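Below is one structure, written out as structure tokens, with a few remarks after it.
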Amino acid sequence: METIIVQLPGTSPWGAGETGSPELIHLGPGDIADFGRGGTGVRIVLTDPGISRRAGQLEAAGDYWRLSNFSRSVSYVVENLEGAGEYLTVAPGRLGAPVPFEFSRVVLPALSGTATFKVFAPQHAYLGEHSVPGGGEQTVHPFALDPTSKYFLVLVALCEPRLRDPSDSALPGVGQIVERLRPLESCRDLTRSAVNYHIDYLAFAKLRLDLGEEATTTAEGGRTGAKRTRLASLALRFGLVREEHLGLLPPRGAGRLADPQEAGA
1 METIIVQLPG
11 TSPWGAGETG
21 SPELIHLGPG
31 DIADFGRGGT
41 GVRIVLTDPG
51 ISRRAGQLEA
61 AGDYWRLSNF
71 SRSVSYVVEN
81 LEGAGEYLTV
91 APGRLGAPVP
101 FEFSRVVLPA
111 LSGTATFKVF
121 APQHAYLGEH
131 SVPGGGEQTV
141 HPFALDPTSK
151 YFLVLVALCE
161 PRLRDPSDSA
171 LPGVGQIVER
181 LRPLESCRDL
191 TRSAVNYHID
201 YLAFAKLRLD
211 LGEEATTTAE
221 GGRTGAKRTR
231 LASLALRFGL
241 VREEHLGLLP
251 PRGAGRLADP
261 QEAGA
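Residue numbers for the sequence shown follow the numbering used here, so the first one is 1 and each next one is one higher.
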């Protein structure tokens, strides 16, 4: 099972383009990937003359990853994309620095300003409700979801109508999810493209849906509609989103629920 996913620089984020599929590198435990300006064995290429040919290395380890800084003079920064400005610094020459973030952006100083690429760790482990310390080898949950993340809020908002009324087959559109979550302080700047990004991350990285031909539908509404339907069905069927999770959402009526056609349902 893959530990981390690297989104190569210069590719569109999930949900931003017609294909919805950026160029990715999948790494399992023990796998490594070098990054730098280019050369033998460099898999993550950062095209800036101010970056060393072999600037550093990523290593997948368990449910997290490590970063090595091969520079002798500059530090690298790893930003937590889900945090409020949280980051860690990897000093020059530091090898195997552990990175605990699920959504990360690696930032290197460059002549053009900075060079960046993103790293995702979708298999983060969380303590289960019935976990018993010392009970043997830990069980790896097939759907490791972080209830404090924005993608989980998106999933709860997506499932809300069916949680409140199981007979309701309608699902909110992307625009409706934006309006539903914006009253939350953490979602003030939420956009349609960000919601699409989280939906794709849930579909392809966290819940690993096999959409088959549905994922290649040319009509935007048809493609995203199929993903939303499958996500909601899987989340509700296996109890990944439950009634108590509705408390994470703002009070009903706090935000204006957009018309389905205006919201891109």
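Just so you know, even glycine gets a beta-carbon here, dropped at the ideal spot from N, CA and C.
Fair warning: this is a prediction, and the values are worked out from it, not measured in the lab.
Assign residue i to buried or exposed, taking buried as 16 or more other Cβ atoms, counted over all protein chains shown, within 10 Å of its Cβ.
i, result
"Glu86", "exposed"
"Ala219", "Low local confidence applies: a pLDDT of 40 at Ala219 is under 50, so the model's placement there is unreliable, and no value is given."
"Asp63", "buried"
"Thr40", "exposed"
"Gly247", "exposed"
"Ala55", "buried"
"Leu95", "exposed"
"Glu179", "buried"
"Asp273", "As displayed, the chain neither begins before 1 nor continues past 265, which places residue 273 out of reach and without an answer."
"Asp200", "buried"
"Gly253", "exposed"
Please list, in chain order, all residues of the same chain as residue i whose beta carbon is under 8 Å from its beta carbon, the five residues on each side excluded.
i, result
"Ala203", "Leu209, Leu211, Lys227, Arg230, Leu231"
"Ser52", "Gly36, Arg37, Phe70, Ser71"
"Gln7", "Pro13, Pro22, Glu23, Leu24, Phe117, Lys118, Val119, Phe120"
"Ala205", "Ile5, Phe120, Pro122"
"Arg192", "Val174, Gly175, Val178, Gly264"
Are the beta-carbon atoms belonging to residue i and residue j less than 8 Å from one another?
i, j, result
"Ala91", "Asn69", "yes"
"Leu111", "Pro49", "yes"
"Leu171", "Leu181", "no"
"Ala60", "Gly83", "no"
"Glu79", "Ser149", "no"
"Val154", "His124", "no"
"Val99", "Thr89", "no"
"Ala115", "Leu46", "yes"
"Leu240", "Phe143", "yes"
Within a Cβ cutoff of 6 Å, which residues of the same chain sit near residue i, ignoring the five residues on either side of it in sequence?
i, result
"Glu243", "Leu163"
Using a Cβ-Cβ cut-off of 7 Å (strictly less than) and excluding sequence neighbours within five positions of residue i, which residues of its own chain qualify?
i, result
"Phe152", "Leu145, Asp146"
What is the C-beta distance between residue i and residue j, in whole angstroms, given that I count them as a contact (C-beta under 8 Å)?
i, j, result
"Val174", "Val156", "Actually they are not in contact, since the Cβ atoms of Val174 and Val156 sit about 15 Å apart, beyond 8 Å."
"Leu236", "Cys159", "6 Å"
"Trp65", "Ile4", "5 Å"
"Arg105", "Leu81", "6 Å"
* Which ranges would you report for the alpha helix (DSSP H) in the segment 157-187 if only whole runs of at least 4 residues count? -> Runs found: 174-181.
* Asked: Can you list, in chain order, the stretches of the beta strand (DSSP E) that have 3 or more residues and sit fully within the segment 22-58?
  -> Counting only runs of 3+ residues, the beta strand (DSSP E) found wholly inside the segment 22-58 occupies 24-27, 32-36, 42-45, in chain order.
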